[in-house]
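**Q** This is the structure I have questions about; it appears just below.
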Amino acid sequence: MGTIEVTKLTKRYGDHNAVDGLDLSIEDGQFITLLGPSGCGKTTTLRMLAGFIRPDEGTITVDGCELSSPARVVPPEERGMGMVFQNYALWPHKTVYHNVAYGLRMQRPRLARKEIRARVGAMLEVVSLPGFEDRFPGQLSGGQQQRVALARSLVTEPSILLLDEPLSNLDAKLRDRMREEVQEIQRRTDITFVYVTHDQGEAMSMSDRIAVMSSGRLEQFAAPRQVYHRPANVAVADFMGLVNLLQGRVVSVDRPAAAVEVVLAFGTRLRLGLTDGTTVFVGDDVTVAIRPENVTVRRSADAGEALVADVTHTTMLGHLCYYVLDLAGTTLRVQTASDVELDRGDRVSVDIDERHASVFPAEVDAESAIEEERV
Amino acid sequence: MTTLPQQAAGSPRRGRWGSAVSARLVLGGAALILLVLVVYPLFWLVLGSFGGTDELTVSNYLRVVREPDLYRALLNTLLIATGASVISLCAGVPIAWFISRTNIPGKEALRTATSVSFMIPGFLSAIAYVVLMAPNTGWLNELVERMFGLDQGPFNIYSLLGITAVTSFGSVAFVVYLATAALDSVDSGLEQSAQILGASRWKVIMGITWPLVTPALLASTLLVFVHSLALFGSHAILGLPVQIYTLPTRIYSLFAFPPDYGAATALSMVLVLLTIGVLYLQRRLLKRRSYVTTEGKAGFQAQVDLGRYRWPAFLACHGFFAFAAYLPVLVLVLASLTKSRGLGFGWDNLTWANYRYVMFEYSLTQRATVNTLILAVSAATAGIVLGALVAYINLRLKVRGAKVLDYLSTIPLGLPGVVLAVGLVLAWIRLPIAIYATMWILLIAYLTRFIPLAVRSADSALRQIDPSLEEASRISGGSWLRSIVEITLPLMKGGMVAGWSLIFVQVIGELAATILLFSVGNETVAVAIYQRSEEGHLEEVSALSVLVLLATAVVLGLARRLTGASVTRW
Ligand SMILES: Nc1ncnc2c1ncn2[C@@H]1O[C@H](COP(=O)(O)OP(=O)(O)O)[C@@H](O)[C@H]1O
Ligand SMILES: [Mg+2]
Numbered sequence: 101m102g103t104i105e106v107t108k109l110t111k112r113y114g115d116h117n118a119v120d121g122l123d124l125s126i127e128d129g130q131f132i133t134l135l136g137p138s139g140c141g142k143t144t145t146l147r148m149l150a151g152f153i154r155p156d157e158g159t160i161t162v163d164g165c166e167l168s169s170p171a172r173v174v175p176p177e178e179r180g181m182g183m184v185f186q187n188y189a190l191w192p193h194k195t196v197y198h199n200v201a202y203g204l205r206m207q208r209p210r211l212a213r214k215e216i217r218a219r220v221g222a223m224l225e226v227v228s229l230p231g232f233e234d235r236f237p238g239q240l241s242g243g244q245q246q247r248v249a250l251a252r253s254l255v256t257e258p259s260i261l262l263l264d265e266p267l268s269n270l271d272a273k274l275r276d277r278m279r280e281e282v283q284e285i286q287r288r289t290d291i292t293f294v295y296v297t298h299d300q301g302e303a304m305s306m307s308d309r310i311a312v313m314s315s316g317r318l319e320q321f322a323a324p325r326q327v328y329h330r331p332a333n334v335a336v337a338d339f340m341g342l343v344n345l346l347q348g349r350v351v352s353v354d355r356p357a358a359a360v361e362v363v364l365a366f367g368t369r370l371r372l373g374l375t376d377g378t379t380v381f382v383g384d385d386v387t388v389a390i391r392p393e394n395v396t397v398r399r400s401a402d403a404g405e406a407l408v409a410d411v412t413h414t415t416m417l418g419h420l421c422y423y424v425l426d427l428a429g430t431t432l433r434v435q436t437a438s439d440v441e442l443d444r445g446d447r448v449s450v451d452i453d454e455r456h457a458s459v460f461p462a463e464v465d466a467e468s469a470i471e472e473e474r475v
Numbered sequence: 151m152t153t154l155p156q157q158a159a160g161s162p163r164r165g166r167w168g169s170a171v172s173a174r175l176v177l178g179g180a181a182l183i184l185l186v187l188v189v190y191p192l193f194w195l196v197l198g199s200f201g202g203t204d205e206l207t208v209s210n211y212l213r214v215v216r217e218p219d220l221y222r223a224l225l226n227t228l229l230i231a232t233g234a235s236v237i238s239l240c241a242g243v244p245i246a247w248f249i250s251r252t253n254i255p256g257k258e259a260l261r262t263a264t265s266v267s268f269m270i271p272g273f274l275s276a277i278a279y280v281v282l283m284a285p286n287t288g289w290l291n292e293l294v295e296r297m298f299g300l301d302q303g304p305f306n307i308y309s310l311l312g313i314t315a316v317t318s319f320g321s322v323a324f325v326v327y328l329a330t331a332a333l334d335s336v337d338s339g340l341e342q343s344a345q346i347l348g349a350s351r352w353k354v355i356m357g358i359t360w361p362l363v364t365p366a367l368l369a370s371t372l373l374v375f376v377h378s379l380a381l382f383g384s385h386a387i388l389g390l391p392v393q394i395y396t397l398p399t400r401i402y403s404l405f406a407f408p409p410d411y412g413a414a415t416a417l418s419m420v421l422v423l424l425t426i427g428v429l430y431l432q433r434r435l436l437k438r439r440s441y442v443t444t445e446g447k448a449g450f451q452a453q454v455d456l457g458r459y460r461w462p463a464f465l466a467c468h469g470f471f472a473f474a475a476y477l478p479v480l481v482l483v484l485a486s487l488t489k490s491r492g493l494g495f496g497w498d499n500l501t502w503a504n505y506r507y508v509m510f511e512y513s514l515t516q517r518a519t520v521n522t523l524i525l526a527v528s529a530a531t532a533g534i535v536l537g538a539l540v541a542y543i544n545l546r547l548k549v550r551g552a553k554v555l556d557y558l559s560t561i562p563l564g565l566p567g568v569v570l571a572v573g574l575v576l577a578w579i580r581l582p583i584a585i586y587a588t589m590w591i592l593l594i595a596y597l598t599r600f601i602p603l604a605v606r607s608a609d610s611a612l613r614q615i616d617p618s619l620e621e622a623s624r625i626s627g628g629s630w631l632r633s634i635v636e637i638t639l640p641l642m643k644g645g646m647v648a649g650w651s652l653i654f655v656q657v658i659g660e661l662a663a664t665i666l667l668f669s670v671g672n673e674t675v676a677v678a679i680y681q682r683s684e685e686g687h688l689e690e691v692s693a694l695s696v697l698v699l700l701a702t703a704v705v706l707g708l709a710r711r712l713t714g715a716s717v718t719r720w
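Protein chains in written order, with the numbering used here: chain Y, 101 to 475; chain X, 151 to 720.
This is the structure in structure tokens:
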């Protein structure tokens, strides 16, 4: 079992809140990712889960048992969790065998030597490293070290495994392969994984649910698809990938259908679905988030009522093309398959896919807030 | 492929001790030890200088400025320290530059010579120079007398000049170490960009290189100054026979019966304040104007081709080390093998008898050897354990007050050996428990003296270890203590072995504190050497000295083999 209940978790450094009132409820056997820009408090959260840091406020409860509160923290060695560190933290003076066997040797009542040997052997097979028992970590490649770190943390069969950017030190190709392996291990073991990363691609491809964080706060906790297509706010939309943020105004509200009609700065009307929890009124200023792949462009500029724009910049990425368009003074980024060939200065007609656009109440300085976070 | 079984539901395991509680216990224990070792004697020293427990007065300090034999000691000390600093700077900087920046032949030999000059205890160099340059009987004097038919040789090591020279020989290494590190860290790119702009080589050196390394040079010179202030052994051997007193030797002589505690403590305080003041200046200099690191992280170094000056430079450097390192060792070895210094060199004057005598026949030196080994092993072991504890608390435990321990452990840097001994005498003589006049007081003295060294060794070893290694052990189920024993300590082993051997050799050569604290039966080898040299038995003293040098070399060599790195700075 590995259900985790995090309530109002807060950690301060000086007067800066590294983690700020975090609420999370994680079900047993799920793959959860904490996602957010560097410095948003992911590591601090994970280390509070592990028992290395005492929260200033809030509690962490695992399977109904309160493990952390400002008054009492059950020490890491008594939590029965596993953890994979960003730098792997393999012990350089111990062989692969002794690295992996360590957690088993610590168990009370003591395990028989034969059992330890058998379980280490089986575990090394799971991570595809049989026969590496007598090597030292210094004699392994980055990917192999990563596997040993995984094996070491899994061999004790923890109910919860914490992983802090475990793939960030690997090169791109190896990262893709390890991503699949980690996912495969999680599926097979049914251990609750709490995975930290700042890479939204990694988060989306692996997780059952993603907790998007920024500035120590939880912005959204939902399935990858939803976080991507139905972001809870502008910050999430922006963090999940390239997005056009367009200013508009609400012209009508259809409450039963949870839809609004919005007119954009350049005159286009869009009928958009409202995200849960978003309330807008007629006349409100709003921000409309549209991903580049949800805009279609056609070269022919003759269609009467279609939007017309000029191509100002083109980027060819092989399988995809990115274009920057100038739409009556508004910049619009679009993405197309690479067989759509456009050049700078071409005049094109533009079509926005309303189903995948999101609308948010305009915060006065939403744009600048996002810019700050990027820094 | 195997599948992993599910872990059964269960509440987390519970430990009997919260780690916060045990962390505080450890902190408290370490703090208590440091308070007893460092603060307790310091307290009695300060109190004693103000007249002790009965009435507080500054009369002792007034005596320091009024009584000529007290302030003259201060003047001599300043004179010697200044002289030694100047000599060390003048000799050390060129040597460092040759090592760092030129194609001088045999750089490794120069580094080794520097280390040797550093590791020879001062009182052993002094004894070697007595053998060489004592008026009338000194070998060099005899040589010159015979060559030129003089009645009296020209050298007299029993003089301010002699003391200053011998002092500088033991401290030139500070300048060479720090200056080499500073020069190594100045990237030659900086110099070459100036050269490209048309500056001549000389202009580059004066305009770019020296301004960059000057703070480090000044800092190293101040270090020499502080080191020279605290020296006892060489100043006693070369100064006391002719009534040239320095602060440490004056303090020592004030303890002769009847002891004058008042003057001794006041002089000690003067010495402490002087030391602390200069150390403070030195730190500030390094902090404020540190363009260069003193850790010697090498940038790209262009080597100056000395051309036809290569060999002259080689000769000049080794000529200096002839006096600072080679001659003292050679003289001690030769003297230890002669029947009598007066008989001149010849096969019939060679003998092993001195070694046989000090090792197998003379009970004082036998006893002293055993005592020294016991003390060196226990002080090094206890010291490095305490050092590791302080470093660990300071770096790893997130407990309030951890920094205080680190500060406490640096206080002894400001306490010259003789001063520390004065404090210990005053502190422990009044206690009913049998510490004073036993080996324990010596052990306490060594622990206190070398705790800064121990903490620094352990600290730098611990800094190399990523904290996540210990955390990985905790989350794998290892308790706090278990994680330290299984992970942290084994990884610190190299640094701890290095620290251990440094303390070991320092203890073997310790005379300044020992001389005031030993009692009959508890002599150390250093005490035996000092006492027998006062009585003029230089052949037997030389044999003992060679044994000390051998032990030093063997321990440092073994440590180097074990840790794969040089234990001293290089
Ligand atoms: N020990 C610490 N002392 C002070 N500030 C810290 C400490 N650890 C983390 N922080 C601050 O807390 C914030 C969150 O850090 P962290 O959890 O490491 O972020 P992330 O892992 O998401 O990159 C950062 O602003 C960081 O500077
Ligand atoms: Mg992090």
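Ideal Cβ placement from N, Cα and C applies to all residues, glycine included.
Please classify Phe-185 of chain Y as buried or exposed, where buried requires at least 16 neighbouring CB atoms within 10 angstroms.
**A** Label assigned to Phe-185 of chain Y: buried.
**Q** With a threshold of 7 Å on Cβ separation, who are the neighbours of Gly-141 of chain Y within its own chain once the five nearest residues in sequence on each side are excluded?
**A** Within the same chain, Gly-141 of chain Y has close Cβ partners Ala-118, Val-119, Met-313, Gly-316.
**Q** To which residues does DSSP link Ala-322 of chain Y through a beta bridge?
**A** DSSP, once it has assigned bridges, lists Y:Ile-310 as partnering Ala-322 of chain Y.
**Q** What are the complete beta strand (DSSP E) segments, minimum 3 residues, inside the region 180 to 215 of chain Y?
**A** The region 180 to 215 of chain Y contains these whole beta strand (DSSP E) runs: 181 to 184.
**Q** Between Ile-394 of chain X and chain Y, is there a C-beta pair that is closer than 8 Å?
**A** Cβ-Cβ to chain Y under 8 Å: no for Ile-394 of chain X.
**Q** Looking at the structure shown, is Tyr-422 of chain Y part of a helix, part of a strand, or coil, going by DSSP?
**A** The answer is strand: DSSP assigns Tyr-422 of chain Y an E or B state.
**Q** Using only alpha-carbon positions, find the residue among Y:His-116, Y:Pro-192, Y:Asp-446 that is nearest to Pro-623 of chain X.
**A** Note that residue 623 of chain X corresponds to Ser in the displayed sequence, not to Pro. Comparing Cα positions, the closest option is Y:Pro-192.
**Q** Give every residue whose Cβ lies closer than 5 Å to any heavy atom of ligand 1, listed in chain order.
**A** Ordered along the chain, the selected set is Y:Tyr-113, Y:Ala-118, Y:Ser-138, Y:Gly-139, Y:Cys-140, Y:Gly-141, Y:Lys-142, Y:Thr-143, Y:Thr-144.
**Q** Does Ser-172 of chain X have its Cβ less than 8 Å from a Cβ in chain Y?
**A** Closer than 8 Å: no.
**Q** What number of angstroms, rounded off, separates the C-alpha of Gly-446 of chain X from the C-alpha of Asp-334 of chain X?
**A** Legend: pLDDT at Gly-446 of chain X = 40, less than 50; position of this residue unreliable, no value from coordinates given.
**Q** Taking 8 Å as the threshold, find out whether the region 669 to 679 of chain X comes into contact with the region 471 to 482 of chain X through three or more Cβ pairs.
**A** Taking 8 Å as the limit for Cβ pairs, the verdict is that the region 471 to 482 of chain X does not touch the region 669 to 679 of chain X.
**Q** Any heavy atom of ligand 2 inside 7 Å of the beta-carbon of Asp-100 of chain Y?
**A** This structure gives no information on residue 100 of chain Y, because the portion of chain Y shown stretches from 101 to 475.
**Q** Quick one: does the C-beta of Asp-110 of chain X sit closer than 7 Å to a heavy atom of ligand 2?
**A** With chain X covering 151 to 720 only, the question about residue 110 of chain X has no answer from this structure.
**Q** For Gly-203 of chain Y, go through chain X and note every residue whose CB falls closer than 7 Å to its CB, in chain order.
**A** Within 7 Å Cβ-Cβ: Ser-626, Gly-627.
**Q** Taking the straight line between their C-alpha atoms, what separation do you get for Thr-297 of chain Y and Met-306 of chain Y?
**A** Computed Cα separation, rounded: 11 Å.
**Q** Determine, for Arg-252 of chain Y, whether the minimum Cβ-Cβ distance to residues of chain X falls below 8 Å.
**A** Cβ-Cβ to chain X under 8 Å: yes for Arg-252 of chain Y.
**Q** At the 8 Å Cβ level, is Ala-538 of chain X part of the contact set with chain Y, yes or no?
**A** No, because no Cβ of chain Y sits closer than 8 Å to the Cβ of Ala-538 of chain X.
**Q** Using beta-carbon positions only, say whether Asp-128 of chain Y and Gly-102 of chain Y come within less than 8 Å of one another.
**A** Yes, Cβ-Cβ distance for Asp-128 of chain Y and Gly-102 of chain Y is below 8 Å.
**Q** Would you tell me roughly how many angstroms separate the C-alpha atoms of Ala-329 of chain X and Thr-702 of chain X, rounded to the nearest one?
**A** Straight-line Cα distance between these residues: approximately 25 Å.
**Q** Glu-258 of chain X versus chain Y: which residues are under 7 Å apart at the beta carbon?
**A** What Glu-258 of chain X touches in chain Y: nothing, since even the nearest Cβ is about 28 Å away.
**Q** With respect to 7 Å, is the separation between the Cβ of Asp-609 of chain X and the closest non-hydrogen atom of ligand 2 below this value?
**A** Outside the cutoff, so no.
**Q** Give the residues of chain Y in contact with Ile-637 of chain X, contact being defined as C-beta atoms less than 7 Å apart.
**A** Under the 7 Å cutoff, chain Y gives Trp-191.
**Q** What would DSSP say about Glu-105 of chain Y, mapped onto helix, strand or coil?
**A** Reduced to three states, the DSSP call for Glu-105 of chain Y is strand.
**Q** Just to confirm, does Glu-621 of chain X get its C-beta within under 7 Å of one of the non-hydrogen atoms of ligand 2?
**A** False, no ligand heavy atom lies under 7 Å from that Cβ.
**Q** Please find out if some non-hydrogen atom of ligand 2 comes closer than 7 Å to the beta-carbon of Glu-284 of chain Y.
**A** Flag unset: Cβ of Glu-284 of chain Y not near ligand 2.
**Q** Thinking C-beta only, is Ile-591 of chain X closer than 8 Å to Leu-574 of chain X?
**A** It is a contact, given that the beta carbons lie within the stated cut-off.
**Q** Just to confirm, does Glu-233 of chain Y get its C-beta within under 7 Å of one of the non-hydrogen atoms of ligand 2?
**A** No, Cβ of Glu-233 of chain Y sits at least 7 Å from all heavy atoms of ligand 2.
**Q** What does a CB cutoff of less than 6 Å around Gln-156 of chain X pick up in its chain, not counting 5 residues either side in sequence?
**A** Residue placement at Gln-156 of chain X is poorly supported in this model, since its pLDDT is 38, which falls under 50; the coordinates are not used for a value here.
**Q** Taking 8 Å as the cut-off, does the region 390 to 408 of chain X touch the region 360 to 372 of chain X (at least 3 CB pairs, one atom from each stretch)?
**A** The region 360 to 372 of chain X is not in contact with the region 390 to 408 of chain X.
**Q** What's the C-alpha gap between Tyr-113 of chain Y and Gly-671 of chain X?
**A** Straight-line Cα distance between these residues: approximately 58 Å.
**Q** Taking 8 Å as the CB-CB cut-off, is Leu-619 of chain X touching chain Y?
**A** It does: the Cβ of Leu-619 of chain X has a partner Cβ on chain Y nearer than 8 Å.
**Q** Distance cutoff 8 Å, beta carbons only. Does Met-278 of chain Y sit that close to anything in chain X?
**A** So, not an interface residue.
**Q** Can you have a look at Ser-651 of chain X and say buried or exposed, based on whether 16 or more other CB atoms are within 10 angstroms of its CB?
**A** Counting Cβ neighbours within 10 Å, Ser-651 of chain X comes out buried, since at least 16 surround it.
**Q** Can you have a look at Thr-415 of chain Y and say buried or exposed, based on whether 16 or more other CB atoms are within 10 angstroms of its CB?
**A** Thr-415 of chain Y comes out exposed.
**Q** Can you give the Cα-Cα distance for Glu-157 of chain Y and Thr-144 of chain Y, rounded to whole angstroms?
**A** Using only the alpha carbons, I get a separation of about 13 Å.
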